[in-house]
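The block underneath contains the structure these notes are about, expressed in structure tokens.
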Amino acid sequence: MQKGYFGQFGGMFVPELLMPPLLEIEEAMNTIVPSEAFQAEFKALLEDYVGRPSALYRCPNLSKRLGFNLWLKREDLNHTGAHKINNALGQGLLCRHMGKQVLLAETGAGMHGVATATAAAMLGLECVVYMGAEDVSRQSHNVKRMGLLGARIVPIESGTRTLKDAINAALRMWIAEQRTTHYCFGTAAGPHPFPTLVREFQSVIGREAKEQMLRKAGKLPDYVVACVGGGSNAIGAFHEFVPHGEVQLIGVEAAGTGEPGCHHSAPLNLGTPGVLHGAMSMLLQTKDGQIEPSHSIAPGLDYPGVGPEHAGLQASGRARYATVNDSQAYNAFRTLCREEGIIPALESSHAVAWALENVRSIPKKSDVLVCLSGRGDKDMGIIEEFEKNLKG
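Start counting the sequence shown at 369; every next residue gets the next number (the numbering used here).
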């Protein structure tokens, strides 16, 4: 395989000024990350600070009703409330080993921003977070958390004022500040080596889940299901199971309102190949190559592109990618709250919804493992607004 590619997807499509810091990170990924000292420090942080291993929980009430075993990999129980802390701590630690003083991040739902601010505070680093102004408004709770942790938040007013625009602005800052700053990319997208680096730090999800399934169920799951925006929680959950062809890998994209012609966040299902943020992947774009607006009720899925490894897994047929609309995700959110006492993030609710919506096609007594990527208290404002609109 060509370096940094997953089939035809991936690569480094960046301005010349970004090549030196990307090559510096690639060198660090290949030398510092595999070292015994780095791995020991990272493992200790995951155990003692994040609280890993995260639980694998079989939902008793829903499993009884659905007729198959619904397992949740509880990333929502991590410190800061989402899987994002795995990658943020890994890259924060790498930043310190590289001798840099500033962690730069972009964020959509705010959970990566909170995780990066947390890692920076704990590791003694400065933190700057770029965030679309629309997301600043939708995720004010997380904006306050980042401020408490000492981060400087930069709202972005350009474009659709969401994650895509925050990434554009963060890349511009990185070009100017690369000597002192490490760009802590939040998802398994962007130019090489970020898709591989983020997957390296998130693959702890799948490694733990595999060991826990073998111990608790005595077998591997029949399905591994995860929501896909950029795709970091999904690639982390999938990676350990890719060699096991009997395990079906299901990624779930956001279909927006589901109405014909609506804005959505489903580039793998409804996009075409193209280049965005330094990598060849599947994108939402016009015939002329202009990026189209995206939408999801879940801010963390609101992105017109996707990580290139997911595009490669789809092209090879190793993983399938479905869509779930806003209403289906909301119903799954309510169902998990009421029947299991768990408040999931709206992002994760898309993955739960796939399991609920496909109950007739999933064989009875199957084991369905869903990555619950984050907790939903950040989404209370969105839920209130959605319910207000339902009542008309």
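Ideal Cβ positions, reconstructed from N, Cα and C, are used throughout, including at glycine.
Small disclaimer: the values here were computed from a predicted structure and weren't measured.
For residue j and residue i, believed in contact at Cβ under 8 Å, the rounded distance
i	j	result
Gly481	Ala519	7 Å
Gly742	Gly449	6 Å
Phe436	Val736	6 Å
Leu644	Gly673	4 Å
Pro661	Thr528	5 Å
Pro389	Trp542	7 Å
Phe553	Phe562	4 Å
Minimum C-alpha distance to residue i - residue among the options
i	options	result
Leu651	Gln407, Gln658, Gly639 and Ser526	Gly639
Gln376	Thr703, Tyr698, Leu681 and Glu755	Leu681
Asn429	Cys705, Leu758 and Asn757	Cys705
Ala634	Met648, Gly646, Gly619 and His645	Gly619
His632	Ser422, Ile659 and Glu394	Ile659
Pro641	Cys630, Asp656, Pro628 and Glu627	Asp656
Glu395	Asp590, Ser600 and Thr564	Thr564
Tyr425	Ser734, Arg702 and Ala585	Ala585
Glu627	Phe374, Gln696 and Glu404	Gln696
Leu438	Met581, Glu715, Gln407 and Pro523	Met581
Arg442	Thr549, Pro421, Gln653 and Thr555	Pro421
Arg547	Met466, Asn601 and Arg583	Met466
His451	Glu409, Ala556, Leu517 and Tyr498	Ala556
Leu391	Tyr551, Lys587 and Ile711	Tyr551
Proximal residues to residue i (C-beta, below 8 Å), its chain only, five neighbours per side dropped
i	result
Lys746	Gly449, Ala477, Gly478, Met479, Gln507, His509, Asn510 and Ala713
Val504	Val511, Ile521 and Pro523
Phe754	Ile665, Asp694 and Tyr698
Leu517	Val482, Ala485, Thr486, Ala488, Ala489 and Cys495
Lys733	Gly435, Phe436 and Asn437
Run of the beta strand (DSSP E) containing residue i, from where it starts to where it stops
i	result
Ile521	Arg520 to Ile524
Lys441	Asn437 to Arg442
Leu652	Element bounds for Leu652: n/a, residue is neither H nor E.
Cys595	Tyr591 to Cys595
Pro641	Thr640 to Leu644
Ile618	Gln616 to Ala622
Val470	Val470 to Thr475
Arg426	Leu424 to Arg426
Thr549	Thr549 to Tyr551
7 Å Cβ shell around residue i - same chain, five flanking residues per side excluded
i	result
Thr767	Nothing about residue 767 can be read from this structure; the chain reaches only from 369 to 760.
Ser526	Asp533
Asn637	Glu621, Tyr689 and Thr691
Arg686	Val610 and Leu617
Thr549	Lys468, Val470, Leu472 and Trp542
Leu385	Ile543
Ser571	Gly604, His607 and Glu608
Boundaries (first-last residue) of the alpha helix (DSSP H) holding residue i
i	result
Ile543	Leu531 to Glu545
His718	Leu714 to Glu725
Asp735	Premise fails: Asp735 lies in the beta strand (DSSP E), Asp735 to Leu740, not in any alpha helix (DSSP H).
Tyr698	Asp694 to Glu708
Gly481	Met479 to Leu491
Cys463	Lys452 to His465
Arg686	That residue, Arg686, is in no alpha helix (DSSP H); it is neither H nor E in DSSP.
Val566	Phe562 to Gln570
Gly500	Segment Glu494 to Gly500 is the beta strand (DSSP E) holding Gly500; no alpha helix (DSSP H) there.
Thr399	Met387 to Thr399
Leu758	Met748 to Lys759
Gly515	Ser508 to Leu516
Beta-carbon contacts of residue i that lie in its chain and below 6 Å, excluding the five residues immediately before and after
i	result
Val418	Asn446, His447 and Ile453
Leu491	Gly460 and Arg464
Asp444	Leu740, Gly742 and Arg743
Leu413	Leu457
Val496	Leu472 and Arg520
Trp374	Checking the sequence, you will find Phe at residue 374 rather than Trp. Only Pro676, Glu677 and Gly680 meet the Cβ criterion.
Chain C within 9 Å of residue i, Cβ atoms only
i	result
Ala577	Although the question refers to chain C, the structure presented lacks it and comprises just one protein chain.
Requested in this report: Count the CB pairs spanning the segment 391-399 and the segment 681-693 that are closer than 8 Å, and state whether there are at least three.
Outcome: Of all C-beta pairs linking the segment 391-399 to the segment 681-693, fewer than three are shorter than 8 Å, placing the two stretches out of contact.
Query raised in the report: Do the segment 519-538 and the segment 567-582 meet, that is, are 3 or more Cβ pairs less than 8 Å apart?
Result: Result no; under three Cβ-Cβ pairs closer than 8 Å.
Query raised in the report: Does the count of Cβ pairs from the segment 709-724 and the segment 595-606 closer than 8 Å reach three?
Result: Yes, the segment 709-724 touches the segment 595-606.
Requested in this report: For the segment 723-737 and the segment 660-673, state whether three or more C-beta atom pairs, one from each stretch, are separated by less than 8 Å.
Outcome: Verdict: no, contact absent.
Query raised in the report: If we count Cβ pairs, one from each stretch, closer than 8 Å, do we get three or more for the segment 535-554 versus the segment 466-476?
Result: Judged by Cβ distances under 8 Å, the segment 535-554 makes contact with the segment 466-476, as three or more pairs qualify.
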